[in-house]
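Going by this note's numbering, the letters in the sequence shown line up with residues 7 to 274, in that order. Backbone N, C-alpha and C define an ideal beta-carbon position, used for all residues, glycine too. If you're wondering where the values come from, they're calculated on a predicted model, not measured in any experiment. What follows is a short report on a single structure.
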Amino acid sequence: MLAPIVIYFALFFVLPVARLLLLSVWDSGPTIAPFLEIFGHKEYLGIILTTAKLSVGVTALTLLLGFPVAIYLARLSGWALALGMFLVVFPLLTSVLVRSFAWMTILGRQGVINEMLIVLGLTAQPLKLLYNQFGIYVGMVHVLLPIAVVTMYGVVKGIDTHILKAAAVLGAPPVQVFLRVFLPLSAPGITAAGLLVFIASASAYITPVLLGGSGHTMIAALIGDQIQETLNWPLGAAMSVILLVVSMLAFTYYFRFTQGAGAPLSGA
């Protein structure tokens, strides 16, 4: 029964990753030169640090914006829930490239936001909303928010409301009920959503390139340049391995957290 799954996993994950790892540590013999070049180059280290900061920031913003939406959806039922879920998931039906281009037209100097601010007299000159970290944050949060909402919704929906009512009956004020009962019960879903968003942010390519410009390069774009432009496959492979290691560390933390909380992966 497991044979097809094992074959699929081996063909589409193990072999490509093994090939990538081999490229990073073998060049006519064992070598760690690509990794030494990365950690000895200030520009590369700066890009890795920028990627980490942006990924953490995007994750935090996405969770802060998505958690209230997940709570609201969990209170709905029937056609209202169906409509709400449709509105949340609908952006996923549009490609990331199209959504990023849409934000370019909205945030540009001649975009909708700047035109509106000038018409209202709130600013005399167009604001720089594009080709900076602000543009990256806006675009990536918009792209990843539906994933976070859907992930957290599954956990929030499964919370027994009788537990919350019992805490209130025992004298806990609403704030305490939320912080000491509801939030811990929601933690597996929040952590799962954070994991997915963080990994997707760290490996994002299209949105940072289009909305951030050359001054805010992230590691995925750097890997693409090394492989497609300079044809430095060992260096690009080494950067990919670093990104893979970061993702695996995030997975490890998540599994330890859920095991400590006694919650399964699904949070159900």
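From residue i to residue j, what does the alpha carbon distance come to, in whole angstroms?
i: Leu271; j: Thr264; result: Any reading at Leu271 needs caution, since the residue's pLDDT is 38, under 50, leaving its predicted position unreliable; the model's value is listed next. Roughly 7 Å separates the two Cα atoms.
i: Ser220; j: Gly242; result: 18 Å
i: Arg105; j: Val149; result: 8 Å
i: Phe107; j: Ala227; result: 17 Å
i: Val64; j: Leu27; result: 28 Å
i: Ala274; j: Val161; result: For Ala274, the predicted structure reports a pLDDT of 36, less than 50, and the residue's modelled location is therefore unreliable. The matter cannot be settled from this model.
i: Val187; j: Ile169; result: 8 Å
i: Val144; j: Ala173; result: 38 Å
i: Gly195; j: Phe261; result: 12 Å
i: Trp109; j: Val62; result: 21 Å
i: Thr167; j: Ala178; result: 15 Å
i: Ile142; j: Ser207; result: 10 Å
i: Leu70; j: Met254; result: 24 Å
i: Gln234; j: Gly200; result: 31 Å
i: Thr42; j: Pro36; result: What sits at residue 42 in the sequence shown is Leu, not Thr. In a straight line, the C-alpha of Leu42 is about 13 Å away from that of Pro36.
i: Pro22; j: Lys48; result: 29 Å
i: Gly157; j: Ile205; result: It should be pointed out that residue 157 corresponds to Thr in this sequence rather than to Gly. Their backbone Cα atoms lie some 14 Å apart in a straight line.
i: Gly84; j: Pro97; result: 21 Å
Using the rule of at least 16 other Cβ atoms within 10 Å of the residue's Cβ for burial, across every protein chain shown, is residue i buried or exposed?
i: Met122; result: exposed
i: Leu237; result: exposed
i: Gln232; result: buried
i: Ala5; result: Since the first residue of the chain shown is 7 and the last is 274, residue 5 is not available in this structure.
i: Thr57; result: buried
i: Gly46; result: exposed
i: Ser30; result: buried
i: Val252; result: buried
i: Ile11; result: exposed
i: Ile248; result: buried
i: Ala16; result: exposed
i: Thr100; result: exposed
i: Tyr50; result: buried
i: Ala86; result: exposed
i: Gly218; result: buried
i: Pro180; result: exposed
i: Val125; result: exposed
i: Gln216; result: The sequence shown places Leu at residue 216, rather than the Gln named in the question. Buried: at least 16 other Cβ atoms inside 10 Å.
i: Gly268; result: Note that Gly268 has pLDDT 47, beneath the 50 cutoff, so the model's placement of it is unreliable and the number below is only indicative. The residue in question, Gly268, is exposed, as its Cβ has fewer than 16 Cβ neighbours within 10 Å.
i: Ala244; result: buried
i: Ala80; result: buried
Once you ignore the five residues that flank residue i on each side, which residues in its own chain have a CB closer than 6 Å to its CB?
i: Leu82; result: Gly90
i: Val203; result: Thr65, Thr68, Leu150, Ala154
i: Met224; result: Thr57, Pro214
So which of the options has the shortest CA-CA distance to residue i?
i: Ile165; options: Leu191, Pro40, Ser106, Met110; result: Leu191
i: His222; options: Gln232, Val187, Asn138, Ser207; result: Asn138
i: Val279; options: Gly84, Pro152, Val62, Tyr78; result: The requested residue 279 is not part of the displayed model; the chain covers only 7 to 274.
i: Ala198; options: Phe41, Phe257, Ser30; result: Phe257
i: Ser246; options: Leu87, Gly230, Leu185; result: Gly230
i: Pro132; options: Ile225, Gln116, Leu79, Leu249; result: Gln116
i: Leu93; options: Val102, Val75, Leu103; result: Val75
i: Tyr159; options: Tyr78, Tyr259, Leu136; result: Tyr78
i: Tyr211; options: Leu70, Leu60, Ala86; result: Leu60
i: Leu275; options: Lys163, Ala206, Pro36; result: Limits of the chain in this structure are 7 at one end and 274 at the other, which puts residue 275 out of reach.
i: Ser34; options: Val20, Ile124, Pro240, Pro97; result: Pro240
i: Phe184; options: Val156, Phe73, Leu21, Ala88; result: Phe73
Within its chain, find whatever has a CB closer than 8 Å to the CB of residue i; leave out the 5 residues flanking it on each side and keep chain order.
i: Leu176; result: none
i: Ile119; result: Ile112, Leu113, Leu133, Leu135
i: Gln182; result: Ala173
i: Ile53; result: Thr223, Met224, Ile225, Leu228
Give me, in chain order, the residues of the same chain whose beta-carbon lies closer than 7 Å to that of residue i; leave out the 5 immediate sequence neighbours on both sides.
i: Met146; result: Val64, Ser207, Ala210, Thr213
Length-filtered (4 minimum) alpha helix (DSSP H) runs lying within the segment 212-242: You should have 212-218, 225-230.
Alpha helix (DSSP H) runs contained entirely in the segment 143-204, provided each spans 4 or more residues: Taking 4 residues as the shortest admissible run, the segment 143-204 contains the following complete alpha helix (DSSP H) segments, listed from N- to C-terminal end: 167-175, 180-183.
Segments assigned alpha helix (DSSP H), at least 4 residues, entirely inside the segment 41-117: Listed in chain order, the complete alpha helix (DSSP H) runs (minimum 4 residues) inside the segment 41-117 are 48-80, 84-95, 102-113.
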